[in-house]
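Numbering (our numbering), first residue to last: 10 to 177.
Heads up, the beta-carbon is just placed ideally off N, CA and C, and yes, glycines get one too.
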């Protein structure tokens, strides 16, 4: 989640990336994962960034519940796994191209599975940046149930607040 999305999380990630520029490479989505629609103004927003930003269609499976309810478990095969494979490949490509030493994941609930795979299959340090609602709310899909293993697979876990830290 990066600007032009509005809210605390996109602003925090943008400030972190600005501070680390030009040594940071951001991978994010050009579609809003909750609405499954393109994020208005993303191209103009990215052009003004002092850091490298690459956008892909999806970073995590979309929350298109109307479709998911109709197809049941097939959503794992038809929606989740293809998005996960594409995201994993995009992260690998971006990290190799940038000669990264560390991969920072900014969403535990939707991208925690990525920490598990990166921890098992790559040489990079994995940093998980997590928010309070991600550790206290009920999982919204089967991938979010991997929160515990994802945290344990991470080399570093950054809790955004003492509230979050106390619940980890």
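With burial defined as no fewer than 16 other Cβ atoms inside 10 Å of the residue's Cβ, what is the status of residue 50: buried or exposed?
What you label residue 50 is simply residue 41 of the chain shown in a count that begins at 1. By the 10 Å Cβ count, residue 50 comes out exposed.
Cα separation between residue 41 and residue 47?
Working through the chain shown from its first residue, we reach residue 41 at position 32. Working through the chain shown from its first residue, we reach residue 47 at position 38. Taking the straight line joining both Cα atoms gives about 6 Å.
Compute the Euclidean distance between the alpha carbons of residue 176 and residue 114, then round it to the nearest angstrom.
Within the chain shown, numbered from 1, the residue matching residue 176 stands at position 167. Within the chain shown, numbered from 1, the residue matching residue 114 stands at position 105. Approximately 19 Å, taken between the alpha carbons.
Status (buried if at least 16 other CB within 10 Å, exposed otherwise) for residue 96:
Translated into the one-based positions of the chain shown, residue 96 becomes position 87. Buried.
Member of 20, 31 and 38 whose CA lies at the smallest distance from the CA of residue 109
Against the chain shown, residue 109 aligns to sequence position 100. The shortest Cα separation from residue 109 among 20, 31 and 38 belongs to 31.
Starting from the C-beta of residue 33, find all residues in its chain whose C-beta is less than 7 Å away, skip the five residues before and the five after it, and write them out in chain order.
Within the chain shown, residue 33 is the residue found at index 24, counting from 1. Within the same chain, residue 33 has close Cβ partners 26 and 60.
Is residue 36 near residue 120, with beta carbons less than 8 Å apart?
By 1-based counting over the chain shown, the position of residue 36 is 27. By 1-based counting over the chain shown, the position of residue 120 is 111. Cβ atoms of residue 36 and residue 120: not closer than 8 Å.
From the DSSP output, in three-state form, read off residue 36 for me.
What you label residue 36 is simply residue 27 of the chain shown in a count that begins at 1. The answer is strand: DSSP assigns residue 36 an E or B state.
C-alpha distance - residue 165 paired with residue 133, whole-angstrom precision
Taking the chain shown and counting its residues from 1, the one referred to as residue 165 is at position 156. Taking the chain shown and counting its residues from 1, the one referred to as residue 133 is at position 124. Rounded to whole angstroms, residue 165 to residue 133 spans 12 Å at the Cα level.
Can you pull the DSSP bridge partners for residue 168?
Locating residue 168 in the chain shown gives position 159, where the first residue counts as 1. Beta-bridge pairing links residue 168 to 139.
Of all the options 38, 172 and 104, which has the alpha carbon lying nearest to the alpha carbon of residue 141?
For this step, residue 141 is matched to residue 132 along the chain shown. Shortest Cα-Cα distance from residue 141 to any of 38, 172 and 104 involves 172.
Considering residue 147, what are the terminal residues of the alpha helix (DSSP H) in which it resides?
Working through the chain shown from its first residue, we reach residue 147 at position 138. No alpha helix (DSSP H) contains residue 147, which DSSP labels as neither H nor E.
Candidates 100, 58 and 44, of which the one nearest residue 11 by Cα:
Counted from its first residue, the chain shown places residue 11 at position 2. When only C-alpha atoms are compared, the closest one is 58.
Given residue 159, which residues of its chain have a CB within under 7 Å of its CB, disregarding the five upstream and five downstream residues?
To locate residue 159, count along the chain shown from 1; it is residue 150. 117, 121, 122, 124, 125 and 137.
Going by the CB atoms, is the gap between residue 112 and residue 100 shorter than 8 Å?
Residue mapping note: residue 100 aligns to position 91 of the chain shown, counting from 1. Residue mapping note: residue 112 aligns to position 103 of the chain shown, counting from 1. It is a contact, given that the beta carbons lie within the stated cut-off.
Taking only the alpha-carbon atoms, compute the straight-line gap between residue 144 and residue 167 and give it to the nearest angstrom.
On the chain shown, position 135 is the one that residue 144 refers to. On the chain shown, position 158 is the one that residue 167 refers to. Each residue's Cα considered, the two are about 12 Å apart.
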